[in-house]
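These notes are about the structure you will find just below.
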Amino acid sequence: MSPALPPMAGLDIGRSEVRIVELSGNRAHTAQLECCAREALPDGAISDEGIGNLRQVMEAVSRLWEKSGSQARHVAIAIPSTSAMTHILSVPLGSSQAQRALLAGRHAESLLPYPTAQALLDFRIIGPTRNAPGRLDMLIAAARRDDVEDRIAVAESLGLQAVVADIDSHAAMTALTRMQSMSQASSSFALANLETHGALLSLFCDGHIAGEQQLAIGYRQLQRDMQHDSRHDSRHDSRHDARHDARHDVQQYDADHSDVLATYLAHAAAHIARAVQTLRQQTSHMPAHIVLAGPGAGIPGMVEAVRKHTTIPIAVAAPFDGMALAPAIDAAQLTADNPASYVTACGLALRRFDR
Numbered sequence: 010m011s012p013a014l015p016p017m018a019g020l021d022i023g024r025s026e027v028r029i030v031e032l033s034g035n036r037a038h039t040a041q042l043e044c045c046a047r048e049a050l051p052d053g054a055i056s057d058e059g060i061g062n063l064r065q066v067m068e069a070v071s072r073l074w075e076k077s078g079s080q081a082r083h084v085a086i087a088i089p090s091t092s093a094m095t096h097i098l099s100v101p102l103g104s105s106q107a108q109r110a111l112l113a114g115r116h117a118e119s120l121l122p123y124p125t126a127q128a129l130l131d132f133r134i135i136g137p138t139r140n141a142p143g144r145l146d147m148l149i150a151a152a153r154r155d156d157v158e159d160r161i162a163v164a165e166s167l168g169l170q171a172v173v174a175d176i177d178s179h180a181a182m183t184a185l186t187r188m189q190s191m192s193q194a195s196s197s198f199a200l201a202n203l204e205t206h207g208a209l210l211s212l213f214c215d216g217h218i219a220g221e222q223q224l225a226i227g228y229r230q231l232q233r234d235m236q237h238d239s240r241h242d243s244r245h246d247s248r249h250d251a252r253h254d255a256r257h258d259v260q261q262y263d264a265d266h267s268d269v270l271a272t273y274l275a276h277a278a279a280h281i282a283r284a285v286q287t288l289r290q291q292t293s294h295m296p297a298h299i300v301l302a303g304p305g306a307g308i309p310g311m312v313e314a315v316r317k318h319t320t321i322p323i324a325v326a327a328p329f330d331g332m333a334l335a336p337a338i339d340a341a342q343l344t345a346d347n348p349a350s351y352v353t354a355c356g357l358a359l360r361r362f363d364r
């Protein structure tokens, strides 16, 4: 019998909310969901430049931990793709760790848009270089030091130890490839992660990110358009969901605002389809699926809108499919909470099985 793995939770500190997922078990394909929860962040606590108000983020994570009931003291944290860089470099089979570190540093220096002194660098061998005997592929990852250290500080404020740091899109890929139907269907797929302030489209191929593109289709604009619609009365303002949940926000508005919703859906879907086509041309990889994730994936009509703009099959991420649920998990409540929001946190939680 394999020894029990110590508890480790996935902590996703996003721009609009923080999320936690904790799994149990000894293998990813037999994992059990122990807890998941999310907590809103105040506007401005985190921006494109990073964490602006560390105290507010710490307080939100403290509320999140209490809400979730997690007993884990180890966490895996996510680093925003916007501040990170990954690249695959071919190195000689017999190269030493010191030689690889030197190569990684020099290569990162040529790619980073900021000084390497402001970066944290990591690298690992991921396998043999295709069609190049005697060489190995080495994955290089670099991120802004402040983004990593601020998230570690948030964890440490609760007495937690950050034992893993992963780029958010890599963590999402881990969660999606665990889904057996996806991993068997194709080695290439696209993920559109629809968050409050924007979206990230990632193209995955053979377990690696082939390309990414930022999209200005955050559903916060939809919320604002609905609130300022001339037919929107003051009663709706008091019902605005503090969690910034897209599905709740849309469903709470009258049918009178269907034109606003339709305009946003068409705009978002067209951007997603164009981004997929752009990445396909840049990378020569054709995704077999487009997966929608994040809170925006729960907006009614989003899947249908994207289908109108592409012939590629569309699905909504279901990171907990096939998992057993702990007795404390209410299946109906889990479904209502939009599981697609937890893709990154789930991928982080799955890292416990790598240890």
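Just add 9 to wherever you are in the sequence shown, counting from 1, and you've got our numbering.
The beta-carbon is built from N, C-alpha and C at its ideal position, and this holds for glycine as well.
Within the same chain, and ignoring the five residues on either side of S33 in sequence, the residues whose Cβ sits closer than 6 Å to its Cβ are Q41 and E43. For the pair I135 and G143, the Cα-to-Cα distance works out to about 14 Å. Closest in C-alpha terms to E48, from the list T125, D21, Q106 and E58, comes D21.
Rounded to whole angstroms, the gap between the alpha carbons of I226 and L200 is 14 Å. Under the DSSP definition of a beta bridge, H96 partners with I149. In this structure, A152 keeps its C-beta atom at 7 Å or more from the C-beta atom of Q222. Each of V27, S25, P51 and M17 was checked against the Cα of N35, and the nearest Cα belongs to M17. Ranking T287, L102 and D175 by CA distance to the CA of P89 puts D175 first.
As computed with DSSP, A171 is found in a beta bridge with V84. By the neighbour-count criterion, in which 16 or more other beta carbons inside 10 Å mark a residue as buried, P304 falls on the buried side. If you ignore the 5 residues before and after R289, its C-beta comes within less than 8 Å of the C-beta of L212, M295 and P296, all in its own chain and listed in chain order. When the five nearest sequence neighbours on each side are left out, the beta carbons in the same chain lying within less than 6 Å of the beta carbon of V70 are those of V27 and V163, in order along the chain.
When DSSP states are grouped into helix, strand and coil, P101 belongs to the strand group.
Annotation: the continuous beta strand (DSSP E) that includes I29 extends over E26 to S33. Under the three-state reduction of DSSP, F362 is assigned to helix. Per DSSP, reduced to three states, the secondary structure at L14 is coil, with no helix or strand assignment. In this structure V157 does not touch H83 by the C-beta definition: roughly 16 Å separates them, more than the 8 Å allowed. Per DSSP, the continuous beta strand (DSSP E) segment holding D131 begins and ends at A128 to P137.
Per DSSP, the continuous beta strand (DSSP E) segment holding E48 begins and ends at Q41 to A49. By the C-beta density criterion, P328 is buried, having at least 16 other C-beta atoms within 10 angstroms. L301 places its beta carbon 7 Å or farther from that of V269.
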